[in-house]
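Those letters in the sequence shown? Residues 1255 to 1748, by the numbering used here.
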Amino acid sequence: MKHISTLSILLFCSILAQAQPSLSGQLDTSYFKQSDFEWHITPRHDYSRTLVGKFFLSQAHWDQQFKLRDNGEQTVYMNCGQALEAIKAMDAITMGMDKVIYLVGWQYNGHDSKYPAFFECNEAIKAPGDESAHESILKLMKEARKYNTSVSFHINMFNCYDDSPLFEKYKEDDVLARHINGEYLHSDWGWTVSYARDWATGNAQARLDRLCELFPIAESGTLHIDAFHTNVPVPVVEGDEIVIRYMSPISPYHKLTVEDEIEAQLNIIKYLDAKGIDVTCEGWSNDAFSGYIPAVWHKTVRDLYLTMTPSQIGGTNADYMGDVFGRNVNTEQAFKDGGDTMAEKTETFKKEFCRKSLPCMYLNTLTPVAYVASKDCDDAEAIFSNGVRTFFIEEGEKFFMYKDGEKMAEDGNLFIPALWAGEGVVVAYSENGYEKMEWTVPSEIKVMSHAKAYVVDAEGQHYAGKVKVRGRKVTLSLKPGEMLRLEFSNVNSF
């Protein structure tokens, strides 16, 4: 990564207004530099313009410190009927944004149950009135399309549990990873599957085929493979503590290299691509996956931001670099922990969508220019094309965004174009509410003398009157948690 002096970046920023926050202490600055890139698969979604999330349906329980098998119990957080209710609310709040939702805990006894098998549905998550969970999931997939949502699945191809229907077969076919002395390799979640052995024996292909026979996943065009690791997280006793150490290659006993395992992972991706299905995963750091995985759940590697554009590697949670590059709302948390009722959960979703996905989708249309980080804390700044700058301030976890010096987001108050909803649409939102705050309409929005205003909630959009436009300025007053759609010109979706 090419590093530029702090003086250089300050000179670059001098053309912008000086009203924004500033970082303190010693700074580390890096410029964006596009890496060589080509697609090796055919993405079915533009993940830079798609809200990508999960629904946590159910969690299997176990008794051991490091899971080896279920104990027969589970906790259900959401059934398929509630999932569809949530999708309808999400579509109303996002104003028809394209969405991908992966179901977690849809199989057997819930999340992390019976892998590497994924051939039976969890009956505890069926919708009321349906005969089976399989029927409920099929209905959910079909109905969700009416609400701009592709429903697919969260699976695991890396872990193997004692009570899996495939456990004995995977031992007989010598698919499980082993230490150099031949002992089976136990990770922090069950035993470990060698991708190379899984692929060479045909077991990987067979279980993916069965999954695609069970559900029309090609119609959704995407599949999330959890724990798609190339290194094994192994629990190790160190003194009085158990710590996780990452081990590679996956199976020393089989004399398989890291490259052998990666080749098998790429074969899995290409096999699904041939079926019309994208593979997304938690994250990756090896360049071998570039052009094969169009979206990751955690962007934890700086180079994914500073060498690849959002259309090349979409992401949801920007764990490594604050919010300065934007992050998608975490639907899993919103609908699992966002309140006791569906109304409370959808309100949590609305808040997180406006605070995170709204700026994220706008930033994804720009070209990143530079990243500035404070070495003393987690404060950070990002610079984009078109005069846009973002800041993340660690104290209070505050996010700020400016265009040509004019505020677009300041700590819970936002005024940002919703480009997916139309060329003339801006969304205003306030977490805590305000009276008579002035905003500047961004230069890419054509303005007239008035803008039509609609209050947006889980039920849809409700006309709220007209807002006067003076020059490019509007003055708004918002209630706490209020989301407003403003139409400044004729709306034509892009």
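Positions of the beta carbon are idealized from the N, C-alpha and C atoms, including for glycine.
| request: Check C1631 in the structure and name its three-state DSSP category. | output: Looking up residue 1631 in the sequence shown gives position 377. Looking at C1631 - three-state DSSP - the assignment turns out to be coil, as it is neither helix nor strand.
| Grouping DSSP H, G and I as helix and E and B as strand, with all else coil, what is P1470? | Taking the sequence shown and counting its residues from 1, one reaches residue 1470 at position 216. The answer is coil: DSSP assigns P1470 none of H, G, I, E or B.
| message | Quick check: the Cα distance between N1376 and M1615, rounded to an integer number of angstroms? | response | For the purposes of this step, residue 1376 is taken as residue 122 along the sequence shown, with counting starting at 1. For the purposes of this step, residue 1615 is taken as residue 361 along the sequence shown, with counting starting at 1. Taking the straight line joining both Cα atoms gives about 34 Å.
| query | Hey, how far is the Cα of G1735 from the Cα of P1613? | reply | Within the sequence shown, residue 1735 is the residue found at index 481, counting from 1. Within the sequence shown, residue 1613 is the residue found at index 359, counting from 1. Cα to Cα, G1735 sits roughly 17 Å from P1613.
| task | Can you tell me which of G1676, T1511, V1721 puts its alpha carbon nearest to the alpha carbon of W1693? | result | Along the sequence shown, read from residue 1 onward, the residue named residue 1693 stands at position 439. W1693 has its Cα closest to that of V1721, out of G1676, T1511, V1721.
| G1659 beta carbon less than 8 Å from that of S1684 | On the sequence shown, position 430 is the one that residue 1684 refers to. On the sequence shown, position 405 is the one that residue 1659 refers to. The answer is no: Cβ separation not under 8 Å.
| request: Please classify S1611: does DSSP put it in a helix, a strand, or coil? | output: Here the question's residue 1611 lines up with position 357 in the sequence shown. In the structure shown, S1611 sits in a helix (DSSP, three-state: H, G or I).
| said: Taking the alpha carbon of K1590 as the reference point, which residue from L1430, Q1313, R1726 has its own alpha carbon closest? | reply: As a first step, residue 1590 must be located in the sequence shown, where it is residue number 336. It is Q1313 whose Cα lies nearest to the Cα of K1590.
| Smallest Cα separation from A1458: which of I1522, F1603, E1635? | Within the sequence shown, numbered from 1, the residue matching residue 1458 stands at position 204. The option with the nearest alpha carbon to A1458 is I1522.
| said: Is it the case that the segment 1596-1613 contacts the segment 1623-1635, given that we only count it when at least three CB pairs across the two stretches are under 8 Å? | reply: no
| request: Jot down the residue ranges of each uninterrupted beta strand (DSSP E) in the segment 1540-1604, minimum 3 residues, whole runs only, in chain order. | output: 1549-1552, 1568-1571
| request: Compare the beta carbon distance of F1407 and H1478 with 8 Å and say whether it is the shorter of the two. | output: In the sequence shown, counting from the first residue as 1, residue 1407 sits at position 153. In the sequence shown, counting from the first residue as 1, residue 1478 sits at position 224. Contact flag set, yes.
| message | For H1388, list the residues DSSP reports as bridge partners. | response | If you number the sequence shown from 1, residue 1388 lands on position 134. Looking at the DSSP assignment, H1388 forms no beta bridge with any residue, so it has no partner.
| task | Would you mind stating whether V1550 and T1563 have Cβ atoms separated by less than 8 Å? | result | As a working note, residue 1550 is residue 296 in the sequence shown. As a working note, residue 1563 is residue 309 in the sequence shown. Not closer than 8 Å, so no.
| Touch check for the segment 1397-1404 and the segment 1487-1505: three-plus C-beta pairs under 8 Å? | no
| said: Give me the DSSP bridge partner(s) of F1752. | reply: Because the chain here runs from 1255 to 1748, residue 1752 falls outside it and cannot be looked at.
| request: Assign Y1356 to buried or exposed, taking buried as 16 or more other Cβ atoms, counted over all protein chains shown, within 10 Å of its Cβ. | output: Position 102 of the sequence shown, counting from 1, holds the residue named residue 1356. Burial call: buried.
| task | Could you check how far apart the C-beta atoms of I1295 and Y1500 are, in whole angstroms? I think they sit under 8 Å. | result | Here residue 1295 refers to the residue found at position 41 when the sequence shown is read from its first residue. Here residue 1500 refers to the residue found at position 246 when the sequence shown is read from its first residue. No, I1295 and Y1500 are not in contact; Cβ-Cβ is about 27 Å, not under 8 Å.
| message | So, with DSSP's three-state summary, where would you put P1506? | response | Taking the first residue of the sequence shown as 1, we reach residue 1506 at position 252. Helix.
| message | Rounding to the nearest angstrom, what Cα-Cα distance links Q1280 and H1552 in this structure? | response | For the purposes of this step, residue 1280 is taken as residue 26 along the sequence shown, with counting starting at 1. For the purposes of this step, residue 1552 is taken as residue 298 along the sequence shown, with counting starting at 1. Cα to Cα, Q1280 sits roughly 27 Å from H1552.
| request: Evaluate the contact criterion for the segment 1514-1521 versus the segment 1446-1464: three or more CB pairs, one atom per stretch, below 8 Å. | output: yes
| message | What does the alpha-carbon distance come out to for the pair A1572 and K1425? | response | Here residue 1572 refers to the residue found at position 318 of the sequence shown. Here residue 1425 refers to the residue found at position 171 of the sequence shown. Residue placement at A1572 is poorly supported in this model, since its pLDDT is 49, which falls under 50; the coordinates still yield a value, given next. Distance between the alpha carbons of A1572 and K1425 is about 38 Å.
| Taking Cβ positions, are Y1656 and Q1328 nearer each other than 8 Å? | Taking the sequence shown and counting its residues from 1, one reaches residue 1656 at position 402. Taking the sequence shown and counting its residues from 1, one reaches residue 1328 at position 74. Contact flag unset, no.
| Taking the C-alpha atoms as reference points, what is the distance between D1317 and S1505? | Within the sequence shown, numbered from 1, the residue matching residue 1317 stands at position 63. Within the sequence shown, numbered from 1, the residue matching residue 1505 stands at position 251. Going by the C-alpha atoms only, they are around 27 Å apart.
| message | For the segment 1688-1703 against the segment 1668-1679, do three or more pairs of beta-carbon atoms, one drawn from each stretch, fall closer than 8 Å, so that the two count as touching? | response | yes
| Rounded C-beta distance between E1635 and L1392? I'm assuming under 8 Å. | If you number the sequence shown from 1, residue 1635 lands on position 381. If you number the sequence shown from 1, residue 1392 lands on position 138. Actually they are not in contact, since the Cβ atoms of E1635 and L1392 sit about 47 Å apart, beyond 8 Å.
| request: Consult DSSP for R1303 and reduce its assignment to one of helix, strand or coil. | output: Working through the sequence shown from its first residue, we reach residue 1303 at position 49. R1303: helix per DSSP, three-state reduction.
| Is H1716 buried or exposed, if buried means 16 or more other CB atoms sit within 10 Å of its CB? | Position 462 of the sequence shown, counted from the start, is the residue given in the question as residue 1716. Exposed, by the Cβ-count rule.
| How would you label R1464, buried or exposed, when you count the other beta carbons within 10 angstroms and need 16 or more for buried? | Taking the sequence shown and counting its residues from 1, one reaches residue 1464 at position 210. R1464 should be labelled exposed.
| Applying the criterion that 16 or more other CB atoms from any shown protein chain within 10 Å of the CB defines a buried residue, is Q1288 buried or exposed? | Here residue 1288 is taken as the residue at index 34 of the sequence shown, counted from 1. Q1288 should be labelled exposed.
| message | By DSSP's criteria, N1363 is part of a beta bridge. Which residues make up the other side? | response | Reading the sequence shown from its first residue, position 109 is the one you call residue 1363. None, per the DSSP bridge assignment.
| N-terminal and C-terminal residue of the alpha helix (DSSP H) that D1514 is part of | Position 260 of the sequence shown, counted from the start, is the residue given in the question as residue 1514. Unbroken alpha helix (DSSP H) run through D1514: 1512-1528.
| said: Could you tell me the alpha carbon to alpha carbon distance between S1539 and T1561, rounded to whole angstroms? | reply: The count along the sequence shown starts at 1 and reaches residue 1539 at position 285. The count along the sequence shown starts at 1 and reaches residue 1561 at position 307. Looking at the two C-alpha atoms, the distance is approximately 12 Å.
| request: Could you tell me which residues DSSP puts in a beta bridge with A1314? | output: Taking the sequence shown and counting its residues from 1, one reaches residue 1314 at position 60. Its beta-bridge partners are Q1328.
| task | Pull up the distance between the alpha-carbon of A1558 and that of F1543, whole angstroms please. | result | Along the sequence shown, one-based indexing puts residue 1558 at 304. Along the sequence shown, one-based indexing puts residue 1543 at 289. A small correction: the amino acid at residue 1558 is Leu; Ala does not occupy that position in the sequence shown. Each residue's Cα considered, the two are about 11 Å apart.
| D1368 bridges to which residues according to DSSP? | Residue numbering aside, residue 1368 sits at position 114 when the sequence shown is read from its first letter. First, the residue type needs correcting, since residue 1368 is Lys and not Asp in the sequence shown. Answer is none; K1368 lacks a bridge partner.
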